[in-house]
Structures are given as structure tokens and as C-alpha cells.
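What follows is one structure encoded as C-alpha cells, with my remarks underneath.
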Amino acid sequence: MSRKILHLDLDAFFCAVEEQRDASLVGKPFAVGGRPETRGVVASCSYAARRFGVHSAMPMTRALKLCPKLIIVSSRHGVYSNVSEQVMKRLRQITPLVEQISIDEAFMDVTNLPDSGETIARRLQATIQEELRLPCSLGVATNKLLAKIATDVGKSAARKGSPPNAVTVVPPGEEAAFLAPLPVQALWGVGPKTAERFKEIGVSTIGDIAQIATDELVRMFGKNGYDLASHARGIDDRPIVIERQIKSISQETTFARDVRDGPMLRRTLTELSESVGRRLRESALTATTVRLKIRWPDFTTHTRQMTLSNPTDQDAEINNAASQLFEKVWKHGRPVRLIGIGVSGLGSPARQLSFWDEKSQKERRLLEAMDQLRQRYGKNPLHRFTHLEGTDDEPNEI
Numbered sequence: 081m082s083r084k085i086l087h088l089d090l091d092a093f094f095c096a097v098e099e100q101r102d103a104s105l106v107g108k109p110f111a112v113g114g115r116p117e118t119r120g121v122v123a124s125c126s127y128a129a130r131r132f133g134v135h136s137a138m139p140m141t142r143a144l145k146l147c148p149k150l151i152i153v154s155s156r157h158g159v160y161s162n163v164s165e166q167v168m169k170r171l172r173q174i175t176p177l178v179e180q181i182s183i184d185e186a187f188m189d190v191t192n193l194p195d196s197g198e199t200i201a202r203r204l205q206a207t208i209q210e211e212l213r214l215p216c217s218l219g220v221a222t223n224k225l226l227a228k229i230a231t232d233v234g235k236s237a238a239r240k241g242s243p244p245n246a247v248t249v250v251p252p253g254e255e256a257a258f259l260a261p262l263p264v265q266a267l268w269g270v271g272p273k274t275a276e277r278f279k280e281i282g283v284s285t286i287g288d289i290a291q292i293a294t295d296e297l298v299r300m301f302g303k304n305g306y307d308l309a310s311h312a313r314g315i316d317d318r319p320i321v322i323e324r325q326i327k328s329i330s331q332e333t334t335f336a337r338d339v340r341d342g343p344m345l346r347r348t349l350t351e352l353s354e355s356v357g358r359r360l361r362e363s364a365l366t367a368t369t370v371r372l373k374i375r376w377p378d379f380t381t382h383t384r385q386m387t388l389s390n391p392t393d394q395d396a397e398i399n400n401a402a403s404q405l406f407e408k409v410w411k412h413g414r415p416v417r418l419i420g421i422g423v424s425g426l427g428s429p430a431r432q433l434s435f436w437d438e439k440s441q442k443e444r445r446l447l448e449a450m451d452q453l454r455q456r457y458g459k460n461p462l463h464r465f466t467h468l469e470g471t472d473d474e475p476n477e478i
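Here my numbering = 1-based position in the sequence shown + 80.
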């Protein structure tokens, strides 16, 4: 029996939520994201804005040049997360086999349900529209690869200027035929470099890839050649993954203007460390590796990392490691555009008993109290107070 896999994509999700809050936005070109004066980028944009060439991840300054009357709406990530949870709740009412891959996308395995995949998809689309007032598009196929591509094809073929609300079905046995006329870039695993390589040898469609022997694809692209060969023929046996393991946690900030002030950069590191530490504790995780990310005004980006002697979820330990990396990379007075901290090597919070001295226990109680205050009163109701004697380039009050 063929599998029945659905892929759901909420159409311009952030914008759809904002239109519920402010009906005057409906039909107008607007974008959700940061302000241009703070180097903001477009997180999502309305279909009316897309007619002008505006798209997500575009600098807001560029978006305004393309569409001078563009309305900018600040992001409300907490609200989007809550609405996303309501959507996923309705998916899980249909089947427990739901794999959420982003805030606005998910796969479902409905193989064991009696109705056809298309029937289930259209019923789900109507439910989300009626109960949550959100447009969405769905792809229906025998595997995840085809379901996702079907959604993309349906969205791109829809009438421009309004939500697609598409449902696209790939019948069993027609996987390769459905893929054949599509451009190579539509296939998972084909990035810009791979697409350019295919162009050099006259390969422009997925059907062209399917005509190439597997051994030849492996010779050209290494291990990725095996996936290219099977995917081009519509073969994908990956199961639905109900739970995903968190591999890393990171936090970064882009300054409104380049910063060369040492104390300010170090204060930012402290704030980022607090945010990462809090997220570790909320997830009941510890980290063994701390990574610093720093970007200069010319967009050159450097990353450095350090492995800790013991796993941690404590702000001070994360900040200490990040600060050591920062001092090795940053030269006095050099301007910084972006700075970030990430942690990896995640695991359970268990520690060696020898590490649990009285000082560590007091630190943990303090951090837990601060976490509770932040949760109750907002992100930054208070900061740790430290005072260090030294030059202007050393941290003072935080």
C-alpha cells in the first residue's frame, strides 16, 4: 500500500496573523520585520508586496526601494508561536504522525486513514481557514520529497497578489512524471553550485537528472549523487520524525550602527550569554561547546569555538568562554556589525558530584530565581550587577 503523506505550508504566515490584528493591512503591500534604520530584514511579506519584488530575508532598505509605499510591521514572535501551536494542534487531532519542520510548515502521515489524501488535505485546509482564519497550501504524495515539492509547485502556479490556498496532488505511480519537467533547482539537494554544474553539462530539468546513471552522479557529486539519483526518480523512504533533537542553541544581535566600543560589546556578550543560558535551562539541557560569531562591517564573518571541561547551563560559564574567544578575535577599536553566541554538544543536565560545590548551588538558585522573574515580568526585568576595576575597555556596571 502506498503511503499518504501531506505537507502543509501556512501562506505568508506572519502577514496573515498581522492582518487579523489590523484589517486595514489586507490587500496592501506590507512586510513584517525590522526597521531599515536598525538594519532590519524582511521576515515575511504580503502577496501585494511580492508583486514589487519584495521577498523574505531581503534587507528592509532594499524592500523600501522596490516598494516605497511598503508598510513595515514589527515582528511579534510570541504571538506567531502561539498561533502556530493552534495549527499543529489541529494536525495532531487528525494523526499523531506529525513532523513540524518550522513555525509554519509540517508533514503528516495519514496512510492509515480511510479517506484519500486529497480529501483529508481539503478538509484540513477548510478547518484552518474557518477556525483560525489562516490560508494554507498543501501537497499530497507518497513521500515527503514529493509532498513538499507539490506544495511549492501549487503555490507558484497560483494567482499572484493573494494567498495561493493551493492543494496539489501527485498520484501514486506518477512521481517521476510529475518531477520530470521541473527545473533542477526544485529538487532537494540541488543548491546554486550543483545547479551551475548541471548547467555546464546541459542538464536543466529533474527529468534530465533521472537519465544520468547513478555511478556518474556519484563521480560528479560524491555521496550526494546517490540522493540525487533516487530523488530525481521520485524515491524517498524517509519516515515522519515526531520529535527532533535540539543540536544547538544560539542568540545573536545586529547593531543598528557598527560598534567599536569595548564595554558595549562586552555587555552585549553578557546579555547574549544570559539568553542562551536561560534557553538551555528551559530545555533542561547543558552544553559542552561555546561558539562566538562576529561579523565586521564588510560582512566578513568569523566564528571561533571552545570546548568546556564540564557541561554547563550557567550564564557566567558561557559568558566566560565567549569572552575569551572575543578577546582573541577582536582588536581594540575595530567596528563590529553583528555578534552572537551559540552552544552545542547538548545533553542532559546531570553533572559530576564534585562539580556541585556550594558556590555552584547558590549560582543555580540565583539563576532559577532570575528565570522566574523574567518569565513573569518580561525579558529583561533585571541584570546581574558586577563591578570590575580597570580601563575604559573593561566592563563596569552591567
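C-beta atoms are modelled at their ideal positions from N, C-alpha and C, and glycine is treated no differently.
The stretch 281–290 and the stretch 322–330 do not touch, with fewer than 3 CB-CB distances between them shorter than 8 Å.
With respect to K224, F187 sits close: the two C-beta atoms are nearer than 7 Å.
Listed in chain order, the non-local C-beta contacts of F93 below 6 Å within the same chain comprise D184, local neighbours out to five positions each way being set aside. Within its own chain, the residues whose Cβ lies closer than 7 Å to the Cβ of Q100, once the five positions on either side in sequence are excluded, are R213, listed in chain order. For the beta strand (DSSP E) assignment, the uninterrupted runs of no fewer than 3 residues enclosed by the stretch 270–353 are, from N- to C-terminal side, 328–339. About 6 Å separates the beta carbon of A111 from that of L150, a gap short enough to meet the 8 Å contact definition. Taken in chain order, the complete alpha helix (DSSP H) segments of 4 or more residues contained in the stretch 198–259 are 224–237 and 255–259. The C-beta separation of V370 from Q385 comes to about 7 Å, placing the pair in contact by the 8 Å criterion.
Between G305 and the set I398, T274 and I419, the nearest pair of CA atoms involves T274.
H412 places its beta carbon 7 Å or farther from that of A227.
Using a 10 angstroms sphere on the CB of P109, the tally of other CB atoms reaches 16 or more, which defines it as buried. Each residue's CA atom was taken as its position, placing E179 and D341 some 44 Å apart. Per the coordinates, the alpha-carbon of C216 lies some 8 Å from the alpha-carbon of P244.
When the five nearest sequence neighbours on each side are left out, the beta carbons in the same chain lying within less than 8 Å of the beta carbon of V409 are those of L372, I374, H382 and R384, in order along the chain. Contact between the stretch 155–164 and the stretch 125–135 is absent: fewer than three C-beta pairs spanning the two stretches fall below 8 Å.
In the structure shown, the three-state DSSP call for A92 is coil. Excluding residues up to 5 positions away in sequence, T334 lie with their Cβ nearer than 6 Å to the Cβ of R119 in the same chain. Bounds of the alpha helix (DSSP H) holding M140 are M140 to L146. S196 and K84 have their C-alpha atoms spaced approximately 8 Å apart. CA-to-CA, the gap between R202 and A336 works out to about 45 Å. An exposed status is given to P194, since fewer than 16 other beta-carbon atoms sit within 10 Å of its beta-carbon.
L349 places its beta carbon 7 Å or farther from that of A401. Boundaries of the beta strand (DSSP E) around I181: V178 to S182. Here M81 carries a coil assignment [DSSP, helix/strand/coil]. The beta carbon of M300 lies closer than 8 Å to those of R277 in the same chain, with the five residues before and after it left out.
Burial state of R239 is exposed, judged by a 10 Å Cβ sphere holding fewer than 16 other Cβ atoms. Per the C-alpha coordinates, the member of S353, L297, I320 and P415 positioned closest to L177 is I320.
CA-to-CA, the gap between R318 and D288 works out to about 24 Å. Taking C-beta separations shorter than 6 Å and ignoring five residues to either side along the sequence, the partners of D89 in its chain run E185, S217 and T231, following chain order.
For D91 and C125, the gap between their C-alpha atoms comes out near 10 Å. Closest in alpha carbon position to S242, among V106, T141, A143 and A257, is V106. Positions of the alpha helix (DSSP H) runs, each at least 4 residues long and wholly inside the stretch 108–176, are given as 127–130, 140–146 and 157–174 in order along the chain. For N400, the three-state secondary structure derived from DSSP is helix.
Looking at the DSSP output, P263 sits in a beta bridge with T285.
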